[in-house]
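In our numbering, the protein residues as written are 624 to 1331. Backbone N, C-alpha and C define an ideal beta-carbon position, used for all residues, glycine too. First up is the structure itself, then whatever we jot down about it.
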Ligand SMILES: Nc1nc2c(c(=O)[nH]1)N[C@H]1C(S)=C(S)[C@@H](COP(=O)(O)OP(=O)(O)OC[C@H]3O[C@@H](n4cnc5c(=O)[nH]c(N)nc54)[C@H](O)[C@@H]3O)O[C@H]1N2
Ligand SMILES: Nc1nc2c(c(=O)[nH]1)N[C@H]1C(S)=C(S)[C@@H](COP(=O)(O)OP(=O)(O)OC[C@H]3O[C@@H](n4cnc5c(=O)[nH]c(N)nc54)[C@H](O)[C@@H]3O)O[C@H]1N2
Ligand SMILES: [Mo]
């Protein structure tokens, strides 16, 4: 019996990018486990991935191309060959291009796998070459990234491993134990050495429960808190004047701006008592090294971008960057020298491109956007919009259109794939090769394929080679091997890859970038911010392009950025929907709905698999504060309806003082089909953009809950 161990890396859209060891016996993967040698992920896998082989060998996998035989959405398919599938797609696309133009084709994708070659950009060269509509993919952290760029530039920020040296750790809208769990041991180590842990979250999450101080906050009001902290820090002379003078710009203007954001103002907006706001500001400013870890959830509101602007000013103000373990952690992805241009190929684009933001897929497909030409062909890979984006009812209506030709590349017949005309089988991480960045640590990883592809599944890179060929593209760059693509995807001359060879990464599975040790690295001790001024910009010099979207999120296209000027100073934009801002709406819909990540799902992945649904609960639950439940006569476990003017979904009530009064929490990721009455949280969420980076506002929504 031949038994081998293969080193790989978790493919998921998660900050942790774990090093994984797969045991393979006679060509079959029999177990996966964490790699104990990896300094960050340390041999532990989460509940989503520790039985990954069951995902791979699940009898629900799609292993052959399929053609729809029943009505759209019915899930009735018949097996066809790859040749037939490719022929069907090419014929249809060519005819659409001839009659409507290439813009009638729309790609839709995200990070089903976040491997550098199979992930975010794998289809971009083909769709850019065809001249298809550009898919703007501002799913996650795009508003935060714009704000971060405007304030401190594309810096990795604080090394997550440097947290062991922190004395004050502020987890701001981040549920570390659920969504970034391999960071937790570093936080624990800091606490053993005396660090204080503070969590700012409307929900007493499993992370908040373990904190020294949990500060519940009304959703979408974090900027008011951050600005009031700035107010207190300036008023009480807790500013590091030396650091501010040498390494920041706009202090006087920030002082003036912050003067209006008193703790009393912030208390009214956030629901946090004045004393707590003042105490937080004082503790934060006087307990060095102080570090803030911002989660993605802060951006999903009307003023999400400016919230990140305000938070990103804090470390500069108190000189936190001077210390190892002091500053801000957002996404250390900025440390990886990925050659995005090579992956996206914006040079192949025709001059004028039409852009569609992913959050508007429903409106685009249902015809509401009045697109000319309308979208006639949709190609979905690495994504499951029926479960994960707004406008669910319109999306369903659009996907039912008989004149829409939909192709979905998937592992499973997801809610989205069920509407496809053609489904194409995709390999899982055990069956494919990739090189991986991380947005939660500073290790480059290599995923060696552990087994041969099952059935007729192909990797995304192979899928796009086949599609290019079927479309008659001759450019040899479309036919590079995975090895060639991996080699070309990184700038090997960049200092962070000095002394690192691809062969070494491949053999070991991971390597730390060539950056200073986490034990003595304070990246901005001497300023050196990668901003236009080289300083931390309280007053930003990047203000021309309102809704500036980092090109990474839009196939490299940068042609139609909205030119509206942005206020150069951070400010508070109240939520679009909340009892303070919209009292009339709040009368009918008094509760704020948030839909954070589920512990056992990875976005919608695993929403169909037995081990994870057993953990998460087979059906959607909604968490309500006991007072809110009592007022509505709702008892624990009761079936309930959550609704607003946009729609409704059904769920079971979980009654818990862990959510703030006035807030309801429904973990995301449940599948439409498996849910009661076939609708999920996105039946209710708004399609509006946040203030920066065209981020979503799906957590900026009022609802009502009633007994069924
Ligand atoms: N288990 C698990 N892990 C995941 C994922 C998953 O689906 N499941 N998804 C991965 C992905 S794609 C991402 S982007 C990351 C996201 O990781 P996180 O940013 O941690 O994600 P969320 O769970 O969306 O939100 C974190 C917390 O913010 C709180 N929150 C919501 N609104 C507000 C607000 O207005 N203010 C404040 N202060 N807090 C608020 C929520 O209650 C939640 O506890 O997680 C990744 N890791
Ligand atoms: N209500 C609510 N909505 C949200 C969020 C939330 O917290 N709450 N989070 C937002 C965020 S942060 C994000 S990142 C987005 C995520 O949005 P999506 O990326 O659309 O969500 P996933 O559920 O991760 O869907 C990825 C799909 O890709 C498939 N897949 C995996 N690997 C491969 C592969 O190698 N090839 C192919 N072809 N397919 C593959 C998986 O089976 C899965 O169905 O959702 C956003 N939407
Ligand atoms: Mo995300």
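Residue 1054: not part of any beta strand (DSSP E); DSSP gives it neither H nor E.
By the CB criterion at 8 Å, residue 1012 and residue 757 fall outside the cutoff. Annotation for residue 626: the continuous beta strand (DSSP E) segment containing it runs 626-632.
The region 1314-1328 and the region 919-928 touch, with no fewer than 3 CB-CB distances between them shorter than 8 Å. Within the DSSP secondary-structure output, residue 1029 pairs in a beta bridge with 1001. Distances from the alpha-carbon of residue 1237 to those of 1161, 1223 and 1295 put 1223 closest. Taken from the Cβ of residue 780, every heavy atom of ligand 1 lies 7 Å or farther away. In the structure shown, residue 836 falls within a strand segment according to DSSP collapsed to helix, strand and coil. Contact between residue 708 and residue 688 holds: CB atoms are separated by about 4 Å, below the 8 Å threshold. In its chain, beyond the 5 residues on either side, 716, 720, 725, 728 and 1094 have a beta carbon closer than 8 Å to the beta carbon of residue 753.
By alpha-carbon distance to residue 814, the top candidate from 1027, 790 and 1284 is 790. Residue range 913-917 is occupied by the beta strand (DSSP E) that includes residue 917. If you draw a 10 Å sphere on the C-beta of residue 865, you find fewer than 16 other C-beta atoms in it, and that means exposed. The way I'd put it, the region 1129-1141 does touch the region 1056-1073; three or more beta-carbon pairs between them come closer than 8 Å. Pairing residue 812 with residue 787 gives a Cβ-Cβ distance under 8 Å.
When 1321, 927, 963 and 840 are compared, the shortest CA-CA separation from residue 1109 is found for 963. Distance from the CA atom of residue 750 to the CA atom of residue 875, rounded to whole angstroms, is 47 Å. Separation of residue 711 and residue 1001 (C-alpha to C-alpha, rounded to the nearest whole angstrom) is 14 Å.
Within a 10 Å sphere around the beta-carbon of residue 893 sit 16 or more other beta-carbons, which makes this residue buried.
Under DSSP, residue 994 takes part in no beta bridge, so it has no partner.
Taking C-beta atoms as the reference points, residue 1267 and residue 1212 count as a pair closer than 8 Å. Only residues of its own chain outside the window of five on either side were considered, and among them 696 and 698 have a CB closer than 6 Å to the CB of residue 1041, listed in chain order. Residue pairing by DSSP places residue 795 opposite 823 and 917 in a beta bridge.
Counted as a single uninterrupted DSSP element, the stretch harbouring residue 786 is not any alpha helix (DSSP H), since DSSP gives it neither H nor E. Within its own chain, the residues whose Cβ lies closer than 7 Å to the Cβ of residue 674, once the five positions on either side in sequence are excluded, are 1234, listed in chain order. Distances between the C-beta of residue 796 and the heavy atoms of ligand 1 include at least one below 7 Å. In this structure residue 664 does not touch residue 646 by the C-beta definition: roughly 18 Å separates them, more than the 8 Å allowed. Here DSSP, grouped into helix, strand and coil, assigns residue 1228 to strand.
Bridge pairing for residue 1276: 1245 [DSSP]. Within 7 Å of the C-beta of residue 787 there is not a single heavy atom belonging to ligand 2. Contact fails between the region 899-911 and the region 979-999, because fewer than three Cβ pairs, one in each stretch, are under 8 Å apart. Per DSSP, residue 1097 lies in no beta strand (DSSP E) segment and is marked neither H nor E. With respect to residue 640, residue 632 sits close: the two C-beta atoms are nearer than 8 Å. The beta carbon of residue 762 sits closer than 7 Å to the beta carbons of 733 and 981 from its chain, once the five residues preceding and following it are set aside; these are given in chain order. In this structure, ligand 2 has a non-hydrogen atom nearer than 7 Å to the beta-carbon of residue 1049. With 16 or more neighbouring CB atoms inside 10 Å of its own CB, residue 1017 falls in the buried class.
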